Amino acid sequence: GYKNFISGMALGVDLWAAEIVLKLKEKYPEIELYCAIPYKAQSVAWSKEHRERYMTCIHRCKKYEVISPFYTKDCFFKRNMYMVDNSSLVIAVCDNPPTGGTAHTINYAKRNNREIALIEI
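Just so we're on the same page, this note's numbering is the position in the sequence shown counted from 1, plus 965.
So this is what it looks like as structure tokens:
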């Protein structure tokens, strides 16, 4: 029943999930991808292939939000809080137990009474 999805656009699961949403949109046109970008130059040091995949998602998303114009030590945490604040369900792919930024985001989601779906790897 969910139609709007936010990706944090990091390498790995975030980018992969964004591409899946865009693929699903071909079959279900009501689905929308939104992108939460931690800082403007996030993809600059990535490989050409990853930058191309990233830009394809950015160009095809409904809307993107750049959290910080430049890198700061907390821009990824702010990006994660933005995603939680704008979601009713948080889907997290993580080790068991979650660590680092994923654990912080899950705890923030719990404190803000969001539904959480954990996909443990």
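We put the beta carbon where it would ideally sit given N, CA and C, even for glycine. This structure is a prediction, so every number in the text was calculated from the model and none was measured.
8 Å contact criterion, which residue i and residue j should meet: CB distance rounded
i: Leu1054; j: Tyr967; result: 6 Å
i: Met1048; j: Gly973; result: 6 Å
Beta carbon of residue i nearer than 7 Å to that of residue j
i: Leu980; j: Arg1016; result: no
i: Thr1067; j: Cys1059; result: yes
i: Arg1025; j: Leu987; result: yes
i: Ala1001; j: Arg1044; result: yes
Unbroken beta strand (DSSP E) run spanning residue i, endpoints
i: Lys1028; result: Lys1028 to Ser1033
i: Asn969; result: Asn969 to Ser972
i: Glu1080; result: Glu1080 to Glu1085
i: Ile1002; result: Glu997 to Tyr1004
Straight-line Cα distance separating residue j from residue i
i: Val978; j: Pro994; result: 22 Å
i: Phe970; j: Lys1028; result: 11 Å
i: Asn1061; j: Tyr1036; result: 29 Å
i: Glu991; j: Ile1023; result: 16 Å
i: Tyr985; j: Ile996; result: A small fix is needed here, since residue 985 is Ile in this sequence, not Tyr. Computed Cα separation, rounded: 11 Å.
i: Met1020; j: Lys1075; result: 32 Å
i: Ala1057; j: Tyr1004; result: 21 Å
i: Ile1084; j: Lys1038; result: 27 Å
i: Ala975; j: Lys1013; result: 15 Å
Element boundaries [alpha helix (DSSP H), containing residue i]
i: Gly984; result: Checking the displayed sequence, the identity of residue 984 turns out to be Glu instead of Gly. Element bounds for Glu984: Val978 to Lys992.
i: Tyr1073; result: Gly1065 to Arg1076
i: Tyr1047; result: Cys1040 to Asp1050
i: Tyr1019; result: Lys1013 to Arg1025
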